[in-house]
Ligand SMILES: Nc1nc2c(ncn2[C@@H]2O[C@H](COP(=O)(O)OP(=O)(O)O)[C@@H](O)[C@H]2O)c(=O)[nH]1
Ligand SMILES: [Mg+2]
């Protein structure tokens, strides 16, 4: 794979940070493809999501993680554990913070765990003035890391510079994934995630945390996704008046699937699944 004397590089880069700072949006922007679902609700990302950037000179494997927060449920604890595991133990750890808010205790707790040579990414620069960005970069200089990158995951500004730096930090090595592959996620998982993403757009308050989705049958083009809620009272909110919410969600997901997909959505109550180890295991959390 060596081209004109440039060594082939490969390695792992983790994206960590508080909830909602834009880790998943950044992953999708880097890959140029939606691999990780995004919403304005915390705890949208519930797994380590691997996305592979394939270049002629390198393979960069990015690991998107759940936001690190103060857990209130067993699921919250599991999410934190899955994220914290990816601080270190990779070639480069990127901590994402937001330009739109001051560096806070949540960021500092994560910052204190960063291994030497980590990178701080100041995201959402499209939302702040140059003055505010400067102030934010000054605040971010408190972290003992190798580099700081201001970016907008939304517009793409600054992202190429970040990726080029990460590339330069990877060791020489073989490709870990086959050519053309952008993620190791299964199709069933991806469709279930798309359903959850659309549900997160429409539901309010405590409901986002109570929703889980999983693909129960995959007989292409027939796909059935089960939506789990924690209480009977939540079932109606997910279904909507006359099935309107489910219908809307189904339409929006189908648009993102290959033509001809037949998507069926089922809602089931699984009492307090967020706090039950057995339920969490079944859902892969
Ligand atoms: N304006 C702006 N919004 C962003 C940017 N990156 C992410 N967001 C928004 O921030 C929210 C959280 O994004 P998400 O990627 O799910 O954050 P995560 O929880 O860290 O993975 C979503 O509403 C995104 O659209 C950015 O660069 N600029
Ligand atoms: Mg996320």
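In my numbering, the protein residues as written are 2 to 286. For each residue, glycine too, the CB sits at the ideal point set by N, CA and C. Nothing here was measured: the structure is a model prediction, and the numbers come from that model.
Cα-Cα separation, residue i to residue j
{"i": "residue 227", "j": "residue 267", "result": "5 Å"}
{"i": "residue 25", "j": "residue 273", "result": "27 Å"}
{"i": "residue 277", "j": "residue 183", "result": "33 Å"}
{"i": "residue 110", "j": "residue 19", "result": "10 Å"}
{"i": "residue 169", "j": "residue 245", "result": "50 Å"}
{"i": "residue 216", "j": "residue 34", "result": "21 Å"}
{"i": "residue 165", "j": "residue 158", "result": "13 Å"}
{"i": "residue 86", "j": "residue 180", "result": "27 Å"}
{"i": "residue 285", "j": "residue 45", "result": "15 Å"}
{"i": "residue 42", "j": "residue 6", "result": "46 Å"}
{"i": "residue 129", "j": "residue 175", "result": "40 Å"}
{"i": "residue 106", "j": "residue 249", "result": "39 Å"}
{"i": "residue 30", "j": "residue 40", "result": "15 Å"}
{"i": "residue 1", "j": "residue 131", "result": "Because the chain in this structure spans residues 2 to 286, residue 1 falls outside the shown range and cannot be described."}
{"i": "residue 243", "j": "residue 259", "result": "27 Å"}
Contact check, residue i vs residue j, beta carbons under 8 Å
{"i": "residue 96", "j": "residue 77", "result": "no"}
{"i": "residue 289", "j": "residue 32", "result": "Limits of the chain in this structure are 2 at one end and 286 at the other, which puts residue 289 out of reach."}
{"i": "residue 154", "j": "residue 27", "result": "yes"}
{"i": "residue 123", "j": "residue 150", "result": "yes"}
{"i": "residue 160", "j": "residue 152", "result": "yes"}
{"i": "residue 94", "j": "residue 67", "result": "no"}
{"i": "residue 22", "j": "residue 88", "result": "no"}
{"i": "residue 100", "j": "residue 48", "result": "no"}
{"i": "residue 136", "j": "residue 121", "result": "no"}
{"i": "residue 222", "j": "residue 261", "result": "yes"}
{"i": "residue 38", "j": "residue 186", "result": "no"}
{"i": "residue 275", "j": "residue 75", "result": "yes"}
{"i": "residue 167", "j": "residue 61", "result": "yes"}
Cβ-Cβ separation, residue j to residue i (assumed contact under 8 Å), whole Å
{"i": "residue 91", "j": "residue 14", "result": "6 Å"}
{"i": "residue 173", "j": "residue 9", "result": "7 Å"}
{"i": "residue 214", "j": "residue 197", "result": "4 Å"}
{"i": "residue 257", "j": "residue 195", "result": "6 Å"}
{"i": "residue 59", "j": "residue 163", "result": "Actually they are not in contact, since the Cβ atoms of residue 59 and residue 163 sit about 14 Å apart, beyond 8 Å."}
{"i": "residue 204", "j": "residue 263", "result": "So it is not a contact: roughly 24 Å between Cβ atoms."}
{"i": "residue 36", "j": "residue 12", "result": "The Cβ separation is near 18 Å, so there is no contact."}
{"i": "residue 281", "j": "residue 79", "result": "6 Å"}
Proximal residues to residue i (C-beta, below 7 Å), its chain only, five neighbours per side dropped
{"i": "residue 230", "result": "211, 212, 236, 239, 268, 270"}
{"i": "residue 156", "result": "127"}
{"i": "residue 208", "result": "235, 238"}
{"i": "residue 177", "result": "11, 60, 62"}
{"i": "residue 241", "result": "247"}
{"i": "residue 148", "result": "120, 166"}
{"i": "residue 114", "result": "88"}
{"i": "residue 108", "result": "19, 98"}
Same chain only: Cβ atoms within 6 Å of residue i, ignoring 5 sequence neighbours per side
{"i": "residue 81", "result": "69, 72"}
{"i": "residue 2", "result": "Low local confidence applies: a pLDDT of 49 at residue 2 is under 50, so the model's placement there is unreliable, and no value is given."}
{"i": "residue 253", "result": "199"}
{"i": "residue 126", "result": "100, 134, 151, 153"}
{"i": "residue 119", "result": "94, 146"}
{"i": "residue 219", "result": "189"}
Contacting residues, own chain, Cβ-Cβ under 8 Å from residue i (five flanking each side not counted)
{"i": "residue 255", "result": "262, 264"}
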